Structures are given as structure tokens and as C-alpha cells.
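Numbering-wise, our numbering puts 70 at position 66 of the sequence shown, and it's gapless, one number per residue. Ideal placement from N, C-alpha and C gives every residue a C-beta, glycine not left out. These figures come from a predicted structure and were not determined experimentally.
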Amino acid sequence: LDHSMFGDGVCAFAASGLSTCLLHPIDTIKTRLQSPAYATADKPRSESTSAAPSESLFEHLYAGLASSMMKEVRSVCPNSSCFLWLRVSL
């Protein structure tokens, strides 16, 4: 199959954006669970040692997604274009 370099770049960018959108909420939950500030925030002292996650763990999971997507544009586009250029020229 003959693929165009532009089409490969667009597909790589689309895959990168999709993976960022899917993994951002998981990363947000992981960061909240690891944060000592989250463990004691908005909880009475008796509940601070309970193992059950609070409802605020799952709130605003996509907050910060825009900055993550901008980071993808900044880092993935130049890297993938250099990779594709080298692959085609070698």
C-alpha cells in the first residue's frame, strides 16, 4: 500500500489526540489518589482513614484536557514529522 506522508502524519496526530482524551481521566484519578492534599481535603477526621473513594474523586475529570492537547500539538507534530521525513528519506 502506498501511503502519503501527510496522511500518515494526520493519522498519527489523531491517534495521539484520542489516546490523550481517553487516558486523561485515568491520569487525573491516579494523581488525586497519590496527592496527600486530596486525602485530607473536605473530609471529617473520622472519615479521613476510610478506604472508600469520595464522590469528589470523580468530579471534573476532564479539567486540564485543553492544556494536555496543546502539549500534544507542541510535542507530537514536530517529532512525528521528523520521524516520517527520516523514514521516507532512508
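Residue 5 versus residue 15: straight-line alpha-carbon distance, rounded: Since pLDDT at residue 5 reaches only 47, below the 50 mark, its modelled position is unreliable, and the value read off the structure follows with that caveat. Computed Cα separation, rounded: 15 Å.
Bounding residues of the alpha helix (DSSP H) (the contiguous stretch that carries residue 16): Unbroken alpha helix (DSSP H) run through residue 16: 9-38.
Inter-residue spacing [alpha-carbon to alpha-carbon] between residue 11 and residue 87: Cα to Cα, the separation comes out at about 14 Å.
9 Å Cβ cutoff met for residue 65 and residue 33: A contact, by the Cβ cut-off of 9 Å.
Under the three-state DSSP convention, the category residue 65 falls into: In the three-state reduction of the DSSP assignment, residue 65 falls in the coil class.
Integer-rounded CB distance, given that residue 24 should sit under 8 Å from residue 72: That belief holds up - the Cβ atoms of residue 72 and residue 24 are roughly 5 Å apart, short of 8 Å.
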